[in-house]
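Student:
Number of protein chains: 2
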Amino acid sequence: MARTYLIAQGGGPTAVINQTLVGAVLEARKRDPKAKVLGARYGVRGIAAGDLIDLSAVGEADLMRIARTPSSALGSTRDKPDAEYCERILAGLAKASADAFIYIGGNDTAGTLEILDRAAKGSMTFVHAPKTVDNDLVENDHTPGFPSAALFVAQTFLSVDFDVRSLPGVYVGVVMGRNAGFLTASAAAWRRQENDGPHLVYVPETPFSVEKLIADVSAVRERFGRCVVAMSEGVASEDGTPLAAKLSGRVEKDPHGNVVLSGGNLGVALQERLTRDLPKARVRVDTFGYPQRAFIGAVNPLDSQEAFEVGKQAIAASWTGSHSIAITVTSGKTAMKLVPLASVAAKTRLMPAEFFDASANQITPAGMAYFARLLPARPDVAAPFV
Amino acid sequence: MARTYLIAQGGGPTAVINQTLVGAVLEARKRDPKAKVLGARYGVRGIAAGDLIDLSAVGEADLMRIARTPSSALGSTRDKPDAEYCERILAGLAKASADAFIYIGGNDTAGTLEILDRAAKGSMTFVHAPKTVDNDLVENDHTPGFPSAALFVAQTFLSVDFDVRSLPGVYVGVVMGRNAGFLTASAAAWRRQENDGPHLVYVPETPFSVEKLIADVSAVRERFGRCVVAMSEGVASEDGTPLAAKLSGRVEKDPHGNVVLSGGNLGVALQERLTRDLPKARVRVDTFGYPQRAFIGAVNPLDSQEAFEVGKQAIAASWTGSHSIAITVTSGKTAMKLVPLASVAAKTRLMPAEFFDASANQITPAGMAYFARLLPARPDVAAPFV
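Protein chains in written order, with my numbering: chain V, 226 to 611; chain D, 226 to 611.
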């Protein structure tokens, strides 16, 4: 009898998450033209509610348009299911006669799958297809979604550095990233000279102090006449207090217990502090927000191709049990491997220490090599006069 | 004897302002290989200080790299010269033996040129080469820099609308634009259906009230389950008070007397207000900031070509007196015309009333036709499931 696959998308969107969806649908169809592929609207919420779409009925041309559309075409959710919610999801999967559930998402999504897999007791398989702009999944060299978000951030800092060259001042760009500094660090991926911005990079892996920031910025301004800073929204002091909470005096949490760092509050508080402490400088702080995670103008071809491949692999993996798919790179060769759901679930991969020189607030040559491998070549541009 | 041209760049940068610079240099060289072309660093500040670069000595390959580099390669300034400063500029121009001064900038730049032209009493010519992402120069159909900034804004809203479809809520994107709503309105350029964001557009030309915003957003949410808003940073109440000043309780001004609207303060204040008044909605406000004015990933080919042509025309115009160059479109045909400096100086072109339906907070078909003419085709993407 033909198999039934159920697919859903969880967590924040990326520029290429639909490549994974479409890669899975086309692979399922290729393996068996009679296979049934259902999509759940808004993640596990759609499974519990029986809000399903028959993806088997969608033509290939329409699927290819969906593949190149940024953000989750099926809709997403940040729900973190408790035991009772898991029961409803399992009932929904049973009702749909699903043989395999493929859930595209980050470490919280893998965590949800692990709980479901334990509860299902082998009656079906659960496959985690990775995606996250934060690049923070263990077992992975990098994760689908990150190379596109990193491209947006690299383009942004190349652009704003030219801007701040032309009208000198202090510029801080606040980049997404709760615990892992990969996305913030990609701001420096296209730096070529000492004088190129971002001159200072602050990631969550290194304890942060505003006093140190002010001193660092002053030193760079003295040297280059301007200072461009890439700062993660997740930077925290030695005792672990996020700067956002410290400056704004309040802490909001999402259903997964993560501190909500979004919104421009951190940026505004930083702008006030820098303006006060650097009275002679023109200070500007921008918080890049949503555009950085799924920007249609910064879809990285490598990322599209890998995300599509992850979808294909998810179908293949579903035949051999429950797994998480991981992207590995060994001796320059990219491959996909299968790892247990538990090895990825709810764990956070931080940026390796060898990628970052905390004393210089800058990426090391090893870090530069990593980002160069994931990003297109730097555009052939130059600012020779200022 | 060979002529000497002096070129400078004023005001905020754009993605294509260096196309104009390089268009002028190459045209001067083409007309007379012995012509001398000097560039002033940081606008009129460099002329007064004698801080000049010999652009005649720069090779064509290097010039073409500079042309495709965003932001002002010579550096820029927001100085508004008084009588004494004008004397120093004229002395600098005389010392450089300049026959013509070509200043690339917006209406403040044209104003500076008009003052210089009056003071110089016919001893040399002054040409204003237009650029502004605000698109607010009178006499022009559109201005170099705007079609690229508009492309960034259109890409951003297409992207965030897909994002907010996948995780429904209320999203407000705050767009640059002090008095003219063109850039904010371009957020809607790629809308195709009622359900497409931005669902609401707020421009400075129409009096704004927070109470009306809350009511508008609630109605859209009820209808579509989400609401995406494009808001100009310059929206103001009936009595002319900018919303930024009203919400933050303070007013900063730049040297030209313009209220400084930058920074995320407006966004943060808006987010607090919307969160309070729409307690059931997930609210997110992003302020796009600097990336929108000179983003290397959103250089519009039409804009590059027109900006280059403006530079060429500036050299030609300098032989027949002092002028501002304006881009006109008549019966679908684009042309450049020469107008007096005084007709552009310090005037602001607002978005034509026929482009905007204030009762619907949306662009009219006439407005859509205008933006369609300036932007590339909408990417072939689709969000069919949510």
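Backbone N, C-alpha and C define an ideal beta-carbon position, used for all residues, glycine too.
Use the C-beta contact count for V/Gln496: other C-beta atoms within 10 angstroms, 16 or more gives buried, fewer gives exposed.
Tutor: Its Cβ being crowded by 16 or more others within 10 Å, V/Gln496 is buried.
Student: For V/Ser322, count the other beta carbons within 10 Å of its own beta carbon; 16 or more makes it buried, fewer makes it exposed. Which is it?
Tutor: Exposed: under 16 other Cβ atoms inside 10 Å.
Student: According to DSSP, is V/Gln418 part of a helix, a strand, or is it coil?
Tutor: In the structure shown, V/Gln418 sits in coil (DSSP, three-state: anything other than H, G, I, E or B).
Student: Listing by chain order, which chain D residues have their CB less than 7 Å from the CB of V/Gly492?
Tutor: In chain order: Gly489.
Student: Measure the C-alpha to C-alpha separation of D/Ser411 and D/Ala292 and round it to an integer number of angstroms.
Tutor: Taking the straight line joining both Cα atoms gives about 25 Å.
Student: Check whether the stretch 227-236 of chain V and the stretch 260-271 of chain V touch, using three or more Cβ-Cβ pairs below 8 Å as the test.
Tutor: Yes, since at least three Cβ pairs between the stretch 227-236 of chain V and the stretch 260-271 of chain V fall closer than 8 Å, the two stretches touch.
Student: Is the beta carbon of V/Arg313 less than 7 Å from the beta carbon of V/Ala273?
Tutor: Result yes, Cβ atoms of V/Arg313 and V/Ala273 sit closer than 7 Å.
Student: Are the CB atoms of D/Leu425 and D/Val454 nearer to each other than 7 Å?
Tutor: Yes, these two residues count as a Cβ contact at 7 Å.
Student: Given 6 Å as the limit, tell me if D/Ile291 has its C-beta closer than that to any heavy atom belonging to the ligand SAM.
Tutor: In the structure shown, the ligand SAM is absent, as is every other ligand, since no ligand is present at all.
Student: For V/Ile552, list the residues DSSP reports as bridge partners.
Tutor: V/Ile552 pairs with V/Met561.
Student: Considering only DSSP beta bridges, list what D/Met456 is partnered with.
Tutor: D/Val399, D/Tyr427, per the DSSP bridge assignment.
Student: Please list, in chain order, the chain D residues whose beta carbon lies closer than 7 Å to that of V/Ala519.
Tutor: What V/Ala519 touches in chain D: Ser384, Phe387, Asp388.
Student: In the DSSP assignment, what residue or residues form a beta bridge with V/Tyr230?
Tutor: Beta-bridge pairing links V/Tyr230 to V/Val262, V/Ala325.
Student: If you count every other CB in all the chains shown that lies within 10 Å of the CB of V/Gln418, and 16 or more means buried, which is it?
Tutor: V/Gln418 should be labelled exposed.
Student: Could you tell me the boundaries of the beta strand (DSSP E) in which D/Arg509 lies?
Tutor: Its beta strand (DSSP E) spans residues 508-512.
Student: Please classify D/Trp544 as buried or exposed, where buried requires at least 16 neighbouring CB atoms within 10 angstroms.
Tutor: Exposed, by the Cβ-count rule.
Student: For D/Val352, which beta-bridge partners are listed by DSSP?
Tutor: BP columns for D/Val352 point to D/Ile327, D/His548.
Student: Please tell me whether V/Arg254 has its Cβ less than 7 Å away from any Cβ of chain D.
Tutor: No, no contact with chain D.
Student: Just checking: is the beta-carbon of V/Ala298 within a distance shorter than 7 Å of some beta-carbon in chain D?
Tutor: Taking Cβ atoms only, chain D reaches closer than 7 Å to V/Ala298, which makes this a yes.
Student: Sort out for me which residues DSSP pairs D/Gln587 with in a bridge.
Tutor: For D/Gln587, which the question treats as bridged, DSSP gives the partners D/Asp582.
Student: Assess contact between the stretch 509-527 of chain V and the stretch 331-340 of chain V, defined as three or more Cβ pairs (one per stretch) separated by less than 8 Å. Is contact present?
Tutor: As far as the Cβ criterion goes, the stretch 509-527 of chain V does not touch the stretch 331-340 of chain V, which means the pair count is below three.
Student: Whole angstroms is fine: what's the gap from D/Ala345's alpha carbon to D/Phe371's?
Tutor: About 32 Å.
Student: Suppose you measure from the CA of V/Pro184 to the CA of D/Asn525; what does that come to, to the nearest Å?
Tutor: Coverage of chain V is limited to positions 226 through 611, which leaves residue 184 of chain V absent and any answer about it impossible.
Student: With contact counted as at least three CB pairs below 8 Å, one residue from each stretch, are the stretch 346-363 of chain V and the stretch 531-545 of chain V in contact?
Tutor: Because the criterion of three Cβ pairs below 8 Å is met, the stretch 346-363 of chain V and the stretch 531-545 of chain V touch.
Student: By Cβ distance, which residues of its chain are closer than 8 Å to V/Leu408, with the 5 residues on each side in sequence left out?
Tutor: Once the five neighbours on either side are set aside, the close Cβ partners of V/Leu408 are Val358, Asp359, Asn360, Phe371, Ala374, Ala375, Val378, Val400, Met401, Gly402, Ser457, Gln517.
Student: Label D/Pro467 either buried or exposed according to how many other C-beta atoms from any shown protein chain fall within 10 Å of its C-beta, with 16 as the threshold for buried.
Tutor: So D/Pro467 ends up on the buried side.
Student: Indicate whether V/Val241 and V/Pro369 have their beta-carbon atoms separated by less than 7 Å.
Tutor: Result yes, Cβ atoms of V/Val241 and V/Pro369 sit closer than 7 Å.
Student: Going by DSSP, what residues sit across from D/Pro516 in a beta bridge?
Tutor: D/Pro516 is not bridged to any residue.
Student: At what residues does the beta strand (DSSP E) containing D/Leu280 begin and finish?
Tutor: Taken as a continuous stretch (DSSP letters only), D/Leu280 belongs to no beta strand (DSSP E), as it is neither H nor E.
Student: Residues of chain V with CB under 7 Å from D/Ser443, in chain order?
Tutor: What D/Ser443 touches in chain V: nothing, since even the nearest Cβ is about 21 Å away.
Student: Which one or two residues does DSSP pair with D/Pro604 in a beta bridge?
Tutor: According to DSSP, D/Pro604 bridges with nothing at all.
Student: Hey, would you say D/Gly248 sits closer than 7 Å to D/Gly536, going by beta carbons?
Tutor: In this structure, D/Gly536 lies closer than 7 Å to D/Gly248 by Cβ.
Student: Along the stretch 254-270 of chain D, what residues have a CB closer than 8 Å to any CB found in chain V?
Tutor: Cβ contacts with chain V come from Gly264, Arg266, Tyr267.
Student: Could you tell me whether the Cβ atoms of D/Ser297 and D/Pro238 are closer together than 7 Å?
Tutor: Their beta carbons are under 7 Å apart, which means D/Ser297 touches D/Pro238 by this criterion.
Student: Starting from the C-beta of V/Gly271, find all residues in its chain whose C-beta is less than 6 Å away, skip the five residues before and the five after it, and write them out in chain order.
Tutor: The answer, listed in chain order, is Ala265.
Student: If you measure from the beta carbon of V/Lys511 to each beta carbon in chain D, is any gap under 7 Å?
Tutor: First, the residue type needs correcting, since residue 511 of chain V is Asp and not Lys in the sequence shown. Yes, contact with chain D.
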